[in-house]
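K.L.:
Sharing a structure here in structure tokens format.
Below is the structure:
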């Protein structure tokens with residue numbers, strides 16, 4: 001008798017648990033379509049807009065330099081997110097640009113070519129010769145190089161490459 005009561009109690013309990021767990025259809029006036037259950041959607045955050053660390057408009061270049069107008073700079077060969085700031089210092093024979101380096105790499109500014117109409121600057125990122133653990137950061141150091149003559153109205157052509 002006791003086992004019969006236990007079996008009946010267990011059956012009633014099972015019936016209650018399953019009845020509460022299953023969705024019930026709406027019945028009666030105005031029941032209409034049941035509301036869909038909200039769905040959780042996972043999406044990645046929007047990609048950050050590429051903003052290079054160029055010198056902000058109205059902000060002076062490093063070392064008290066004079067900003068070279070963007071109309072005088074040809075940066076078409078640079079990657080889209082590479083900085084494009086160029087300035088001169090002193091009498092115009094020192095030229096500066098913002099480089100981009102990261103982890104164990106180091107960037108340097110090299111004057112590749114000078115003519116009466118243009119100055120070609122090469123931003124060279126040197127990678128270490130041996131594999132090593134490096135931080136995952138990006139730095140934008142200001143760099144300078146010496147010109148043979150003042151920049152004046154010559155066009156500055158910027159290129160970048162990796163070495164090492």
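In the UniProt record's numbering, the protein residues as written are 1 to 164.
Here a beta-carbon is modelled for each residue, glycine too, at the ideal position from N, C-alpha and C.
What does DSSP give as the partner residues of residue 123 in its beta bridges?
P.N.:
If you number the chain shown from 1, residue 123 lands on position 123. According to DSSP, residue 123 bridges with 109, 160.
K.L.:
Out of 89, 146, 104, 145, which has the shortest C-alpha to C-alpha gap to residue 128?
P.N.:
In the chain shown, the residue the question calls residue 128 occupies position 128. Of the listed residues, the one whose Cα sits closest to residue 128 is 104.
K.L.:
Mind the definition here: the segment 65 to 80 touches the segment 126 to 141 only if three or more C-beta pairs lie below 8 angstroms; say whether that holds.
P.N.:
These segments do not touch.
K.L.:
Would you call the segment 92 to 111 in contact with the segment 140 to 152, where contact means no fewer than 3 C-beta pairs closer than 8 angstroms?
P.N.:
Short answer: they touch.
K.L.:
To the nearest angstrom, report how far apart residue 60 and residue 141 are at their CA atoms.
P.N.:
Along the chain shown, read from residue 1 onward, the residue named residue 60 stands at position 60. Along the chain shown, read from residue 1 onward, the residue named residue 141 stands at position 141. In a straight line, the C-alpha of residue 60 is about 15 angstroms away from that of residue 141.
K.L.:
Just the Cα atoms here: how many angstroms apart are residue 114 and residue 139?
P.N.:
Here residue 114 corresponds to residue number 114 of the chain shown, with the count starting at 1. Here residue 139 corresponds to residue number 139 of the chain shown, with the count starting at 1. Near 28 angstroms, if we compare the C-alpha coordinates of residue 139 and residue 114.
K.L.:
Could you give the C-beta distance for residue 86 and residue 107, rounded to a whole number, given that I count them as a contact under 8 angstroms?
P.N.:
As a first step, residue 86 is located in the chain shown; it is residue number 86 there, counting from the start. As a first step, residue 107 is located in the chain shown; it is residue number 107 there, counting from the start. Not a contact, Cβ separation roughly 15 angstroms.
K.L.:
Taking C-alpha atoms, which residue in 63, 131, 88 lies nearest to residue 152?
P.N.:
Translated into positions along the chain shown, residue 152 becomes position 152. Closest option to residue 152, Cα to Cα, is 88.
K.L.:
Any idea which residues DSSP pairs residue 153 with across the strands?
P.N.:
The count along the chain shown starts at 1 and reaches residue 153 at position 153. None, per the DSSP bridge assignment.
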